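Q: Protein chains in written order, with numbering that gives the first Met the number 0: chain A, 0 to 304; chain B, 0 to 359; chain C, 0 to 503.
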Amino acid sequence: MHDILSVLSLNLLMSTIRLTTPILLAALAAALCNKAGVLNLAIEGEMLLGSFVAIVVTYCLNKYTPLGVVNPTLSTYLGVVVSILFGGVLGVLMAWLHTKWGVDLVIFSIAFNMLASEITVFLMRAVFHQNGTWTDSSIVQLPTLAGGYNIIVYASWICVIFCMILYRATRFGRHLKAVGEAPEAAASVGISVRNVQYIALIAGGALSTLGGSFLSVGHLTLFTRDMAAGRGWLGNAAALFGFNNPGGTFLASLFFGFADALALRLQNVTKIPPYMIQVMPYVLTLVILGFVSWRAQKNAQKYQL
Amino acid sequence: MKKPKGTYILHVLIPLIAIVLGVAVSFVLIALTGISPIATFRELWKGAFGMTGKVWPLWITLGQSTPLILTGLSAMCAFRVGVFCIAQESQYVFGAIVAAWLGVALSLPSWILIPLVLLCSMAAGALAAEIPALLKVKLGVNEIISSIMVNNISTLVLEYLVAFPMRADAGQKAQSAVLPQKLWLFQFIKGSRWGVSFVIAVLLAVGLYFLLWKTSFGYEVRMVGQSPRFSQYGGVSAGGVTLGMMAISGALAGLAGSMEVLGNYHRIMTGFSSGLGFDGLSVAMLGLSHPLGVFIVAILLAGIRQGAQLGLQINLQVPRELGGVLIALIILFVALENIYKPHVEAWVKRLEGGKTKAAE
Amino acid sequence: MAEIIRFDKLSKYYASTNVQASNEVSFSIEQGEVHAICGENGAGKTTLMRMLFGMETPDSGSLLLDGKPVSFASPSDAISAGIGMVHQHFMIVPSFSVSENIMLGNEQVSHGFLDKQEERNYVRDLSERYGLPIDPDAIASSLPVGLLQRVEILKMLAKKVRILILDEPTAVLTPGEVGPFLHTLTGLAHDGYTILFISHKLQEVLTVADRITVMRKGQVIGTKPSRGTTMEELAMMMVGRPVVLNIQKGPAHPGSVVLKTHDLTYRNSLGVTKLDHVSLSIRAGEVYGVAGVSGNGQEALVNCLSGLNKPTEGSMELEGQDLTNASVRTRRNHGMAQVPEDRIHVGLNMDASVEENLLMGFEHREPFSLHGILQQREMQENAGRMIKAYAIFGASAESPVRMLSGGNMQKVVLARELSSKPRLLIVDQPTRGLDVGSIEFVHRMILSQRDQGVAVLLVSVELEEILSLSDRVGVMYAGRLQGELEGKQITQEAIGMLMVGGSV
Chain A
0 MHDILSVLSL NLLMSTIRLT TPILLAALAA ALCNKAGVLN LAIEGEMLLG SFVAIVVTYC
60 LNKYTPLGVV NPTLSTYLGV VVSILFGGVL GVLMAWLHTK WGVDLVIFSI AFNMLASEIT
120 VFLMRAVFHQ NGTWTDSSIV QLPTLAGGYN IIVYASWICV IFCMILYRAT RFGRHLKAVG
180 EAPEAAASVG ISVRNVQYIA LIAGGALSTL GGSFLSVGHL TLFTRDMAAG RGWLGNAAAL
240 FGFNNPGGTF LASLFFGFAD ALALRLQNVT KIPPYMIQVM PYVLTLVILG FVSWRAQKNA
300 QKYQL
Chain B
0 MKKPKGTYIL HVLIPLIAIV LGVAVSFVLI ALTGISPIAT FRELWKGAFG MTGKVWPLWI
60 TLGQSTPLIL TGLSAMCAFR VGVFCIAQES QYVFGAIVAA WLGVALSLPS WILIPLVLLC
120 SMAAGALAAE IPALLKVKLG VNEIISSIMV NNISTLVLEY LVAFPMRADA GQKAQSAVLP
180 QKLWLFQFIK GSRWGVSFVI AVLLAVGLYF LLWKTSFGYE VRMVGQSPRF SQYGGVSAGG
240 VTLGMMAISG ALAGLAGSME VLGNYHRIMT GFSSGLGFDG LSVAMLGLSH PLGVFIVAIL
300 LAGIRQGAQL GLQINLQVPR ELGGVLIALI ILFVALENIY KPHVEAWVKR LEGGKTKAAE
Chain C
0 MAEIIRFDKL SKYYASTNVQ ASNEVSFSIE QGEVHAICGE NGAGKTTLMR MLFGMETPDS
60 GSLLLDGKPV SFASPSDAIS AGIGMVHQHF MIVPSFSVSE NIMLGNEQVS HGFLDKQEER
120 NYVRDLSERY GLPIDPDAIA SSLPVGLLQR VEILKMLAKK VRILILDEPT AVLTPGEVGP
180 FLHTLTGLAH DGYTILFISH KLQEVLTVAD RITVMRKGQV IGTKPSRGTT MEELAMMMVG
240 RPVVLNIQKG PAHPGSVVLK THDLTYRNSL GVTKLDHVSL SIRAGEVYGV AGVSGNGQEA
300 LVNCLSGLNK PTEGSMELEG QDLTNASVRT RRNHGMAQVP EDRIHVGLNM DASVEENLLM
360 GFEHREPFSL HGILQQREMQ ENAGRMIKAY AIFGASAESP VRMLSGGNMQ KVVLARELSS
420 KPRLLIVDQP TRGLDVGSIE FVHRMILSQR DQGVAVLLVS VELEEILSLS DRVGVMYAGR
480 LQGELEGKQI TQEAIGMLMV GGSV
């Protein structure tokens, strides 16, 4: 018993926040797209590519520009920025394929996730000649700012607040909700459903890649195969868990992060297998999914005049 | 949702074009790394279907294709009834767990035990499949997300079991006990992993063809998958048919898992399922959800992975991930079919128009 | 009063359904009047209003607003020009409040953020000014339909439109809500708004409209002031000249009762009564025609009979057997067959062959199935027989059914449904979209079934079809059976009157 209590400490809080951040960013991306009526199943792949792009750009900046000597931290920051932009581009691509060509985003996402996984490892081996993990001494991790966390962590919290303000108090937020819930109603008053969904996918892509860059240069400085390790899917789950609201999504992501952190701590301290705790988020998500879908079914019948 | 149709020429062309495009982009990727694309694909071919050496790569490929055929058939069954279930991995894992457990726990003569183990694995897979199926039929839950959740749960359950209750040795590796040799499925050529399981898979493919196109139940399955409203109007119980077919789907993937344990690895260990489930759905999609297509594509995909492992990695020092990249590219081009389908349709129409003109 | 809108020879042809929806429509609307547009289904009223609201573009002719020609590419254009439309199916966001719904697309913003208090005040002012009381903070999903309609109207008023189009506005209101609603319209007209409303309910139209335009088959029959016009006159204008009967119909020899319903009622989840205590009976060997403008409960009736919906109240029996809550399959096994309204999505599977489409409902019966295994030869022979008997040209057993013409598709449906030797045959809009030859074929089939002793329920919005085939007629209005006619009573005038809510 004493062992278990000793686990609850400041360390646990810090690792919870660390583990929550990428999930939170993925969840915000998923929630935003869900609210706009687009099911984005490519978040896992976007996250992985985000990790890869961030670290590779950082490496290149260090190697081929004076920044490596002068200010390697700046190249890390720039790596993150490029990763965010790359995510936005991915969003544009997905939106374009969907609105112009009618591409089925579900099958596209599955292919995209597969491709992201394989091609990052392929490039890691073909270009950098590393097998499982790649790192380079020149890469500096993001510095810890006041308060004990790096900028991406604070950015994720700001994003939560930003989304809250967006939905409650801006015109665009209202349009986004209308497009997701009743697209014909939105179209009938002149709102462009297409544009809103474009913006949602672009923002979603950017948030996903930001989350990915946290994994590769935010805490450790390395890239491994399948680095996202299912966090993109946990993000999808957390968004559904939190009913696509920023506050709920934050709490759900925190819960998932906490479960992960707790499991790891317990493994070090006691003999309790971490798997029991790690499996909880997935089981609970299934339960919540069932509940949310059941409720949606009941409401859908209401509007069949 | 994409619901592939029968074997009309147009529909066969799409996967073929996707393969060609995938190969083309791979060519470019390889060229960028400085190695000759032609040499690469030659090695890939040799590594996949070559007939040289002590154990022909061709036999290994056929051995590797067995679980792909089965998971491909499993995905096919789900797609045919209109459920885009991608939980084959969970069914595979649960089937494997049951096999690894019963194979060691029970001591019965092999001629009883082997079929018993296989049947129990199929039951485990069927039950696993009903989780996303029931959620969809009764509550309308999106089957893709529920599939991912179940997949993750199954992986964690596997990791737990091999690390603790089923752990065989206190050493480094987390793995279960080796199954007694009498349970090892017969291999045609030692070391190739090609054996009885392949024959069973082929027989099941034939059986599923028969089920889908020659039985009343299969008819109802196809009608529900193609037009649920038509089926409902005609008196078919869409929910019942869906749950029934999903049980078959799960059983097939569960069987794949147990046959890999019995015939190949003879135990389960950490990291046992390495994304095999997703390959299953790729096979079903490329194979147009038809047993013959699944059979051909499963061998093709197994060949690509195997060829990449043997030919590229070992002989050419090209990363074997290129095989995975090629496969992912092909699926991507299938997803993008709406972009080039109109052109293909027009081209086919022109060809057919020319034929009738010539006949006049 | 000054002219505000003029329709000048507007025409619109839909190639996909082969229908001339508007045929040189010309008439004008005066500013500040309440103008009703009446007609049956397919008269062209909705098409005309869609052209006015920018949802369709006319093929030829012109639209004049305040004397100047205009053309609208989208509803936003029409709204900017001062024309608003309240659709039959509300464009509401369920989770939004009344105020948020009304101000959608029209938000009040201060310093970049939404000014919700300002919006609420504005909505409150608006609702008071026009006598449409509503609580700005109520959540839309909790409101009854009558109030939702108020929200739709206020939405348009908030956009400062001068002309308001309403499409069948009283279709979703309870009888108690109709009076206040009509009063509102009069009030709006007094305030200078021009009201255009589409309706087939002549009693309401005569109460509130200043002038009435009647349309039929895409053409304007006439425009009359409501004062001095009677319901009979308008009904006659709506249904048109006497019909030439092409079908030779012998006398009916009805037998025992096959279908009997008692107070069949259906209320949907929004609480709207779609079917209101309908009691009818159909005997073997007679055709019972269900007439009425579409949307008056026919769909609910067919769905309750076929088993797709469970009735809220009431019961039904087929040959004495209570089938009120029976499954679709049970009903079919007891001898019910149905040719559905939507042959493409419900009656057939477009992705399958003719042979497979003919099998639905028979897949477990001999001779097509032996121990669960399909007998291909039987299926093929059956398909061949059907194709010959029903003269389905250009088809073979394996042909994909989507290649067939509309008429041939309907033949496949008929062939299948009739081959079960039903006791009750429900046919719903059986000749919609068909060419003359196919129409004749279907009518002959219906009569031959009736002559063989089948009880036929014919649901149709085509008056000619009802007149030429029915032995008895029941007219649906607002979910009720407004009246039943038999034999000599079945006339165009009588049906017309019942269709619009009158009595004979």
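No residue lacks a Cβ here, since even glycine has one placed at the ideal position from N, Cα and C.
It should be emphasised that the depicted structure is a prediction, and the values quoted were computed from it without experimental measurement.
What are the partner residues of Lys309 of chain C, as DSSP defines its beta bridges?
A: Answer by DSSP bridge pairing: none, since Lys309 of chain C is not bridged.
Q: What residue range does the alpha helix (DSSP H) around Phe271 of chain B cover?
A: Element bounds for Phe271 of chain B: n/a, residue is neither H nor E.
Q: Does Gly5 of chain B come out as helix, strand or coil in the three-state DSSP assignment?
A: Bear in mind that a pLDDT of 35 at Gly5 of chain B, under 50, signals an unreliable position, so the number given afterwards is only what the model happens to contain. Three-state result, Gly5 of chain B: coil.
Q: Rounding to the nearest angstrom, what Cα-Cα distance links Val85 of chain C and Ile164 of chain C in this structure?
A: Going from the Cα of Val85 of chain C to the Cα of Ile164 of chain C covers about 6 Å.
Q: Would you be able to state if there are at least three C-beta pairs under 8 Å between the stretch 66-83 of chain B and the stretch 125-145 of chain B?
A: Verdict: yes, contact present.
Q: Between Thr284 of chain A and chain B, is any beta-carbon pair separated by less than 8 Å?
A: Yes - at least one Cβ of chain B is within 8 Å of the one on Thr284 of chain A.
Q: Exposed or buried, Trp110 of chain B, counting other C-beta atoms within 10 Å across all chains shown (16 or more means buried)?
A: Classification for Trp110 of chain B: exposed.
Q: Using a 10 Å radius around the Cβ and a threshold of 16 neighbouring Cβ atoms, would you call Asn130 of chain A buried or exposed?
A: Exposed, because fewer than 16 other Cβ atoms sit within 10 Å of the Cβ of Asn130 of chain A.
Q: For the beta strand (DSSP E) containing Ala454 of chain C, name the first residue and the last one.
A: Segment Ala454 to Val458, the beta strand (DSSP E) holding Ala454 of chain C.
Q: Mind listing the chain B neighbours of Leu508 of chain C? Cutoff is C-beta to C-beta under 7 Å, in chain order.
A: As displayed, chain C neither begins before 0 nor continues past 503, which places residue 508 of chain C out of reach and without an answer.
Q: Under 8 Å by Cβ, that's how I've got Pro93 of chain C and Ala181 of chain A pegged, so tell me the actual separation to the nearest angstrom.
A: About 7 Å separates the two Cβ atoms, so the contact holds.
Q: Of the choices A:Val105, A:Phe121 and A:Ile22, whose alpha-carbon is the least far from that of Glu142 of chain B?
A: Comparing Cα-Cα distances from Glu142 of chain B to each of A:Val105, A:Phe121 and A:Ile22, the minimum goes to A:Val105.
Q: So what's Leu38 of chain A in DSSP terms, helix, strand or just coil?
A: The answer is coil: DSSP assigns Leu38 of chain A none of H, G, I, E or B.
Q: Return the first residue and the last residue of the alpha helix (DSSP H) that Lys137 of chain B is part of.
A: Lys137 of chain B -> alpha helix (DSSP H) spans Ser109 to Leu138.
Q: Answer with buried or exposed for Glu359 of chain B, where buried requires no fewer than 16 other C-beta atoms within 10 angstroms of its C-beta.
A: Reliability fails at Glu359 of chain B, whose pLDDT of 46 lies under 50, so the model's placement of it is uncertain and the value that follows must be treated cautiously. Glu359 of chain B should be labelled exposed.
Q: Got a sec: which bits of the stretch 221-241 of chain A sit with their beta carbon under 8 Å from any beta carbon on chain B, in order along the chain?
A: Residues Gly229, Trp232, Asn235, Ala236 and Leu239.
Q: In whole angstroms, what separates the C-alpha of Arg170 of chain A from that of Ile164 of chain A?
A: Using only the alpha carbons, I get a separation of about 11 Å.
Q: Within a Cβ cutoff of 6 Å, which residues of the same chain sit near Val441 of chain C, ignoring the five residues on either side of it in sequence?
A: The residues are Pro429 and Thr430.
Q: Around the C-beta of Lys34 of chain A, are 16 or more other C-beta atoms found within 10 angstroms, so that it is buried, or is it exposed?
A: Under this definition Lys34 of chain A is a buried residue.
Q: So what does His261 of chain C bridge to, in DSSP terms?
A: BP columns for His261 of chain C point to C:Ser314.
Q: For Ser196 of chain B, collect the residues of the same chain with a Cβ closer than 6 Å to its Cβ; drop the 5 residues on either side in sequence, then sort them by chain order.
A: Closer than 6 Å at the Cβ level, and outside the excluded window around Ser196 of chain B, lie Thr65, Leu184, Met258 and Gly262.
Q: Just the Cα atoms here: how many angstroms apart are Arg215 of chain C and Gly38 of chain C?
A: Taking the straight line from one Cα to the other gives about 6 Å.
Q: Less than 8 Å between the beta carbons of Ser108 of chain A and Met226 of chain A, yes or no?
A: It is not a contact, given that the beta carbons lie outside the stated cut-off.
Q: Using DSSP's beta-bridge definition, name the partner residues of Ala533 of chain C.
A: Because chain C here runs from 0 to 503, residue 533 of chain C falls outside it and cannot be looked at.
Q: CB Phe48 of chain B to CB Gly302 of chain B, shorter than 8 Å?
A: Their beta carbons are under 8 Å apart, which means Phe48 of chain B touches Gly302 of chain B by this criterion.
Q: Give the DSSP bridge partners of Trp133 of chain A, in chain order.
A: According to DSSP, which records beta bridges pairwise, Trp133 of chain A is partnered with A:Phe222.
Q: Quick one: is Gly289 of chain A near chain B, going by C-beta distance under 8 Å?
A: Answer yes: the Cβ-Cβ gap between Gly289 of chain A and chain B drops below 8 Å somewhere.
Q: Name the two residues that bound the continuous beta strand (DSSP E) containing Thr508 of chain C.
A: The requested residue 508 of chain C does not occur in the structure, where chain C is confined to residues 0 to 503.
Q: Indicate whether the contact test is met: 3 or more Cβ pairs, each with one atom in the stretch 29-48 of chain B and one in the stretch 310-322 of chain B, closer than 8 Å.
A: Yes: at least three Cβ pairs fall under 8 Å.
Q: Spell out whether any CB of chain B is found under 8 Å from the CB atom of Phe293 of chain A.
A: Checking the sequence shown, residue 293 of chain A turns out to be Trp, not Phe. Interface residue, yes.
Q: Along the beta strand (DSSP E) that carries Arg282 of chain C, what are the first and last residues, could you check?
A: Note, Arg282 of chain C: beta strand (DSSP E), Ser280 to Arg282.
Q: So, at 7 Å on beta carbons, what are the nonlocal neighbours of Ser61 of chain C in its own chain, with the 5 sequence-adjacent residues on each side left out?
A: Same-chain partners within the cutoff: Asp7 and Pro68.
Q: Just grab the DSSP bridge partners of Tyr13 of chain C for me.
A: Bridge partners of Tyr13 of chain C: C:Val18.
Q: Tell me, please, whether the CB atom of Tyr274 of chain A is closer than 8 Å to any CB atom in chain B?
A: Chain B contact via Cβ: present.
Q: Hey, does Ser226 of chain B have any beta-carbon neighbour from chain C nearer than 8 Å?
A: Answer yes: the Cβ-Cβ gap between Ser226 of chain B and chain C drops below 8 Å somewhere.
Q: Look at the Cβ atom of Ala234 of chain C, then the Cβ atom of Met496 of chain C, and state whether they are nearer than 8 Å.
A: Yes; because the gap between Cβ atoms is below 8 Å, this pair is in contact.
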